[in-house]
Amino acid sequence: MKLIEWTMEEQEQLIHFMTMNTWPYHVNSHPGRELIEKAIDEGGYESEEVKTFWLESNEGEKVGMVKIYDLQDEIPLFDLRIAENWRGLGHGTAALRLISDYVFRMPEKKIRLEGHTRQDNFPMRKTFERAGFLKEAHLRQAWFVPKEYAYYDAVTYGITREDFLEGKTTPVSWDDEKVKEEVRFQKNWDFPNSFNSERLIIRMPLMEDAEVVWDSIIQSASSLKQYMHWAQTLPKSEETRENIRLAIADFFARKELRLHIFLKETGEFIGSSGLHKIDWDIPKFEIGYWLDVRHEGKGYMTEAVERITQFAFEELHAARIEIRCDTENLRSRAVAERAQYQLEGIFKNDSLSANGKALRDTCIYAKTQ
């Protein structure tokens with residue numbers, strides 16, 4: 001990976017990069033064009049205090065950007081952003097090492113380099129640690145998110161000049177046992193964003209999926225409406241786009257793991273599944289799914305469920321996986337049974353029908369490790 005200095009001639013590229021990706025742990029997770037233009041005009045990306053760089057892979061692809069600021073100070077800060085398509089592949093760690101090298105080899109000797117993130121941003125915290133940074137502060141309710149009107153705890157990571165140049169890590173002496181206990185399940189959080197089965201590509205959502213997902217929902221509306229609460233009214237294309245943005249944010253926050261399904265042979269989108277209602281303490285997951293009606297009857301969803309089940313057991317160390325469905329949803333029940341899930345019971349009057357007009361019974365299928 002290389003740092004390539006951004007220039008003012010690349011404003012449109014920077015605006016596109018910032019507005020077409022989602023930034024779930026930043027104060028503004030969906031910055032608009034006007035906000036980025038204003039920041040550029042005010043020197044927020046290039047000045048005596050600020051330098052911005054593209055992060056370019058060895059193959060010449062732009063995988064992210066970094067803004068290093070407070071450059072006139074002895075302790076610079078940085079804002080690192082990896083594009084959605086390239087997250088979870090180790091680029092963040094490589095980028096942090098490049099940033100550290102750039103800062104500590106500047107003619108004006110810098111003492112240390114700092115970065116801040118939300119306390120629950122565990123992927124970024126792991127990236128800091130892998131790059132040799134140490135957690136040095138925990139600030140309670142210091143990270144305000146206007147859209148949610150909520151405060152989160154914040155954490156600060158740092159690396160000293162001496163530690164970086166000597167390739168060592170000097171421990172910070174403080175009691176952090178409570179936080180370690182709270183995030184003990186981090187071992188399950190480093191997993192691939194995509195995987196394949198014999199005929200399918202199964203991966204996390206991307207913004208580029210919005211149009212094909214929306215079209216698939218529209219084409220399958222009458223079928224989906226029967227058992228899907230969210231399909232009672234047809235979404236507008238922009239609503240589907242926003243829904244995918246939120247799904248991406250939830251995926252990186254490890255709150256919900258939506259997965260989009262594509263045919264290997266043609267690249268065609270055929271449906272959606274994922275791991276939901278997650279309990280990381282066990283860990284336990286529920287698989288949900290829907291299929292484009294144009295691809296029914298070919299065994300695709302059974303194949304997807306079998307592969308997702310394998311992924312959950314092998315990569316996420318699942319102890320239990322459930323499939324829940326209406327007793328009258330015979331197609332969904334058939335998928336669970338073909339995937340060799342066991343029917344553990346039927347909950348009587350457990351839920352409302354998709355249209356909210358009648359009580360329904362729920363089948364509980366499960367697999368355990």
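Under UniProt numbering, the first residue of the sequence shown is numbered 1, with each subsequent residue one higher. All C-beta atoms, glycine included, are put in the ideal place defined by N, C-alpha and C.
In chain order, each alpha helix (DSSP H) run of at least 4 residues that lies wholly inside the segment 342-369: Listed in chain order, there is nothing to give.
Helix, strand or coil at W143 [DSSP, three-state]: What you label residue 143 is simply residue 143 of the sequence shown in a count that begins at 1. Note: W143 maps to strand in three-state DSSP.
Delimiting residues of the alpha helix (DSSP H) encompassing W214: Translated into positions along the sequence shown, residue 214 becomes position 214. Element bounds for W214: 210-219.
C-alpha gap between E198 and S332, whole angstroms: Taking the first residue of the sequence shown as position 1, residue 198 is located at position 198. Taking the first residue of the sequence shown as position 1, residue 332 is located at position 332. The C-alpha of S332 is placed about 21 Å away from the C-alpha of E198.
Chain-order list of residues whose beta-carbon lies under 8 Å from that of F269 (same chain, five-residue window excluded): In the sequence shown, the residue the question calls residue 269 occupies position 269. The residues are D209, V212, V213, S216, H260, I261, F262, D292.
Straight-line gap, Q219 to D281 (C-alpha atoms, nearest Å): The residue given as residue 219 occupies position 219 in the sequence shown. The residue given as residue 281 occupies position 281 in the sequence shown. If you take the alpha carbons of Q219 and D281, they lie about 39 Å apart.
First through last residue of the alpha helix (DSSP H) which encompasses N196: If you number the sequence shown from 1, residue 196 lands on position 196. Note, N196: premise wrong, no alpha helix (DSSP H); beta strand (DSSP E) at 194-196.
DSSP state of D250 mapped onto helix, strand, coil: Translated into the one-based positions of the sequence shown, residue 250 becomes position 250. Looking at D250 - three-state DSSP - the assignment turns out to be helix.
Close Cβ partners of A94 (< 6 Å) along its chain, the five nearest in sequence each way excluded: Taking the first residue of the sequence shown as position 1, residue 94 is located at position 94. Apart from the 5 residues on each side of it in sequence, A94 sits with its Cβ closer than 6 Å to the Cβ of M1 in its chain, given in chain order.
Length-filtered (3 minimum) beta strand (DSSP E) runs lying within the segment 3-79: With a minimum length of 3 residues, the continuous beta strand (DSSP E) runs that stay inside the segment 3-79 are 51-56, 62-69.
DSSP-derived helix/strand/coil call for Y152: Here residue 152 is taken as the residue at index 152 of the sequence shown, counted from 1. In the structure shown, Y152 sits in a strand (DSSP, three-state: E or B).
Beta-ladder partner(s) of T117, from DSSP: Taking the first residue of the sequence shown as position 1, residue 117 is located at position 117. DSSP output for T117 lists V155 as bridge partner(s).
DSSP state of H317 mapped onto helix, strand, coil: Start at 1 with the first residue of the sequence shown, and residue 317 comes out as number 317. Of the three classes helix, strand and coil, the one that applies to H317 here is coil, per DSSP.
Beta-carbon gap between F195 and F311 smaller than 9 Å: Start at 1 with the first residue of the sequence shown, and residue 195 comes out as number 195. Start at 1 with the first residue of the sequence shown, and residue 311 comes out as number 311. Cβ atoms of F195 and F311: closer than 9 Å.
Reduced DSSP secondary structure (H/G/I, E/B, other) of G92: For the purposes of this step, residue 92 is taken as residue 92 along the sequence shown, with counting starting at 1. Three-state result, G92: helix.
Beta-carbon spacing of W143, Y149 below 9 Å: Indexing the sequence shown from 1 puts residue 143 at position 143. Indexing the sequence shown from 1 puts residue 149 at position 149. Cβ distance not < 9 Å, so W143 and Y149 don't count as in contact.
First through last residue of the alpha helix (DSSP H) which encompasses D163: Reading the sequence shown from its first residue, position 163 is the one you call residue 163. 161-166 is the span of the alpha helix (DSSP H), which, as asked, contains D163.
Per-residue burial, H91 [other beta carbons within 10 Å of its own, 16 or more giving buried]: Along the sequence shown, read from residue 1 onward, the residue named residue 91 stands at position 91. H91 should be labelled buried.
L55 versus S237: straight-line alpha-carbon distance, rounded: In the sequence shown, the residue the question calls residue 55 occupies position 55. In the sequence shown, the residue the question calls residue 237 occupies position 237. Each residue's alpha carbon lies about 32 Å from the other.
Check whether S29 and R241 have beta carbons under 9 Å apart: Residue 29 sits at position 29 when you count from the first residue of the sequence shown. Residue 241 sits at position 241 when you count from the first residue of the sequence shown. No, Cβ-Cβ distance for S29 and R241 is not below 9 Å.
Secondary structure, alpha helix (DSSP H): runs of 4+ residues fully inside the segment 233-314: 237-253, all fully within the segment 233-314.
9 Å Cβ cutoff met for E84 and T22: The residue given as residue 84 occupies position 84 in the sequence shown. The residue given as residue 22 occupies position 22 in the sequence shown. Taking 9 Å as the Cβ cut-off, E84 and T22 qualify as a contacting pair.
Per-residue DSSP class, three states only, for I201: In the sequence shown, the residue the question calls residue 201 occupies position 201. Under the three-state reduction of DSSP output, I201 falls in the strand class.
Chain-order list of residues whose beta-carbon lies under 8 Å from that of F251 (same chain, five-residue window excluded): For this step, residue 251 is matched to residue 251 along the sequence shown. Excluding residues within five positions, the ones whose Cβ falls inside 8 Å are N193, M204, P205, L257, R258.
Chain D contact for R33 (CB, 9 Å cutoff): No chain D appears in this structure, which consists of one protein chain only.
Beta-bridge pairing of I323 - partner residues as DSSP gives them: Counting from one through the sequence shown, the residue named residue 323 turns up at place 323. Beta-bridge pairing links I323 to Y365.
F128: first and last residue of the uninterrupted alpha helix (DSSP H) it sits in: Taking the sequence shown and counting its residues from 1, the one referred to as residue 128 is at position 128. Element bounds for F128: 122-130.
Beta-carbon proximity of T309 to A334, cut-off 9 Å: In the sequence shown, residue 309 corresponds to position 309, counting from 1. In the sequence shown, residue 334 corresponds to position 334, counting from 1. Annotated as distal: T309 and A334, with beta-carbon spacing of 9 Å or more.
Residue burial classification, R254 (beta-carbon count within 10 angstroms, cutoff 16): Start at 1 with the first residue of the sequence shown, and residue 254 comes out as number 254. Buried is the call here.
Alpha-carbon to alpha-carbon, H116 and R125: Locating residue 125 in the sequence shown gives position 125, counting from the first residue. Locating residue 116 in the sequence shown gives position 116, counting from the first residue. Rounded to whole angstroms, the separation of the alpha carbons of H116 and R125 is 9 Å.
Endpoints, alpha helix (DSSP H) assigned at residue 375: The structure shown does not extend to residue 375, since the chain is modelled only from 1 through 369, so no value can be given for it.
Three-state class that DSSP yields for I99 in the structure shown: Along the sequence shown, one-based indexing puts residue 99 at 99. I99 carries a helical assignment under DSSP once its states are collapsed to helix, strand and coil.
For K67 and D79, believed in contact at Cβ under 8 Å, the rounded distance: Mapped onto the sequence shown, residue 79 falls at position 79. Mapped onto the sequence shown, residue 67 falls at position 67. In this structure, D79 and K67 form a Cβ contact; the two beta carbons are roughly 4 Å apart against a cut-off of 8 Å.
Member of Q226, L14, R140, L343 whose CA lies at the smallest distance from the CA of G32: In the sequence shown, counting from the first residue as 1, residue 32 sits at position 32. If we check each option's Cα against that of G32, L14 comes out closest.
Residue closest to A135, alpha-carbon to alpha-carbon, out of R105, A336, D190, A154: As a first step, residue 135 must be located in the sequence shown, where it is residue number 135. The sequence as given places Lys at residue 135; Ala does not occur at that position. K135 has its Cα closest to that of A154, out of R105, A336, D190, A154.
Pair within 9 Å by beta-carbon distance, F285 and E315: Here residue 285 is taken as the residue at index 285 of the sequence shown, counted from 1. Here residue 315 is taken as the residue at index 315 of the sequence shown, counted from 1. No, Cβ-Cβ distance for F285 and E315 is not below 9 Å.
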